[in-house]
Every structure is written in structure tokens, then in C-alpha cells.
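Engineer: Before we start, here is the structure in question, set down as C-alpha cells.
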Ligand SMILES: CC(C)(COP(=O)(O)OP(=O)(O)OC[C@H]1O[C@@H](n2cnc3c(N)ncnc32)[C@H](O)[C@@H]1OP(=O)(O)O)[C@@H](O)C(=O)NCCC(=O)NCCS
């Protein structure tokens, strides 16, 4: 069923809400790459101060219920979608898939042709959300190349030729 989600700009007041969505130590590491106890709203401020990071939220029925970032790499003409999270009470209802498609459309609107996303191996909900939004897994050779300078072995996906599934 389609979800009537709208993309919005992140506001500073949303930071505590978004950080409050993290459910476990594992989620803190996968989503933010920091230990659970070090996850504070100020971390979002640090992220957003970095150049090329565009924070976005998903709004449903007037409530902010999803958060994610577009990382802009103009030199490579490539954008990466990252740090995607959905409010726990809204998970499993198609919000993640729709939000990722909206983020990908936003990256396209910003002029990027190649749009990629990485998934921690075994994160089935994240992988399925990206696939449902129109992303396709890269070849093993491409994944190996992209993982060379990473701290772990990610699964990599690129937005497919049909664009975001909105
Ligand atoms: C990953 C996440 C964003 C997905 O959001 P969501 O709103 O629950 O996803 P959707 O309801 O759109 O579901 C998308 C797909 O995932 C599947 N899915 C949802 N929850 C799942 C789970 N716990 N296990 C396995 N599959 C799951 C759905 O069945 C659906 O698959 P389908 O299209 O093949 O039917 C959400 O689970 C989340 O916020 N996780 C914590 C943060 C995180 O790990 N972020 C990713 C790392 S960057």
C-alpha cells in the first residue's frame, strides 16, 4: 500500500526525537557508527556541520517519522544516501521504502546521476527497503573495489535505470 509520506527539511528541534528512535546498541553502531551511550542529539549537529551532508526528514500525518541524509560528491557526480532510520512505531509499514525513494528523488533533483547506498551485511530490513525503493545490488567486483578502503565489508547498491519507485 502506498504511504502518503512527504520529504521535509530537518529542523534542529527534531534531533532529540530522531536519536530517541535508536532501539539498541547494535542499531546505534549500524546507524550512527557510535556506541549507544555516546549517541546524543549533538552528534546530529556534528554531522550536519560537515560539507556535502544534506539532512532530510519524512513527515506522515504531520509527524516526523523518518530521517536520512544525502551525501553529495560533486567530483564523482555521485550521491550516497545514508543514516536512514524510521521511528520504531512506524516500522514495517512501508515508510522506510517510501522514504528512501523520496531521498533518491531528492538526490536526482540535486543533479546526481549515480545514487548509491551501502548496507551492513545481514541487515535485511534495510536491504529490502532499498530494493523496494528501486536500488539494485552492485556486482561482486564493484563491491570488492568499494570495500577496499572501508572498515567493514558492506553490501553496495545503486539506483536502477527505472529510477526511484514512487
Ligand atoms: C531499515 C529501516 C529504515 C526500514 O524501515 P521500515 O519502515 O521498517 O521498512 P518498510 O516497512 O518500508 O519495509 C521494507 C522492506 O523491509 C522488510 N522488513 C521490514 N522490517 C523487517 C525486519 N525486521 N526483518 C526483515 N525484513 C523486514 C519489509 O518486509 C519490506 O520488504 P518487502 O518490500 O520485500 O516486503 C528500519 O528498520 C530502521 O529504522 N532500522 C533501524 C536503523 C537502521 O538500521 N538503518 C539502516 C542502517 S543505515
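In this note's numbering, the protein residues as written are 258 to 423. We put the CB at the ideal spot given by N, CA and C, even for glycine.
1. When you measure from the CB of residue 337 to every non-hydrogen atom of ligand 1, does any distance come out below 6 Å?
2. Within its chain, find whatever has a CB closer than 6 Å to the CB of residue 351; leave out the 5 residues flanking it on each side and keep chain order.
3. Measuring only the C-alpha atoms, how far is residue 345 from residue 282?
4. At which residues does the beta strand (DSSP E) containing residue 298 begin and terminate?
5. Grab me the residues of residue 387's own chain with a C-beta within less than 6 Å of its C-beta, minus the 5 sequence neighbours each way, in chain order.
6. Can you say whether residue 361 is buried or exposed, counting buried as having 16 or more other CB atoms within 10 angstroms of its CB?
7. Which residue marks the beginning of the alpha helix (DSSP H) containing residue 357, and which one marks its end?
8. Thinking C-beta only, is residue 353 closer than 7 Å to residue 328?
9. Quick check on residue 364: buried or exposed, where buried means 16 or more other Cβ atoms within 10 Å of its Cβ?
10. May I have the straight-line CA-CA distance separating residue 330 from residue 368, to the nearest angstrom?
Structural biologist: Reading from the atomic positions:
1. Numbered from 1 along the chain shown, position 80 holds the residue referred to as residue 337. Residue 337 Cβ: outside cutoff for every heavy atom of ligand 1.
2. Translated into positions along the chain shown, residue 351 becomes position 94. 260.
3. Stepping through the chain shown from its first residue, residue 345 is reached at position 88. Stepping through the chain shown from its first residue, residue 282 is reached at position 25. Residue 345 and residue 282: Cα-Cα distance of roughly 15 Å.
4. The residue you call residue 298 lines up with position 41 of the chain shown. First-last for residue 298: 298-305, but that is the alpha helix (DSSP H), not the beta strand (DSSP E).
5. Counted from its first residue, the chain shown places residue 387 at position 130. Hits under 6 Å: 357, 374, 414.
6. By one-based count along the chain shown, residue 361 stands at place 104. Looking at its Cβ environment, which holds 16 or more other Cβ atoms inside 10 Å, residue 361 is buried.
7. For the purposes of this step, residue 357 is taken as residue 100 along the chain shown, with counting starting at 1. Unbroken alpha helix (DSSP H) run through residue 357: 352-366.
8. As a first step, residue 328 is located in the chain shown; it is residue number 71 there, counting from the start. As a first step, residue 353 is located in the chain shown; it is residue number 96 there, counting from the start. Not in contact: residue 328 and residue 353 (Cβ atoms no closer than 7 Å).
9. Here residue 364 is taken as the residue at index 107 of the chain shown, counted from 1. Looking at its Cβ environment, which holds 16 or more other Cβ atoms inside 10 Å, residue 364 is buried.
10. As a position in the chain shown, residue 330 is number 73, starting the count at 1. As a position in the chain shown, residue 368 is number 111, starting the count at 1. Approximately 11 Å, taken between the alpha carbons.
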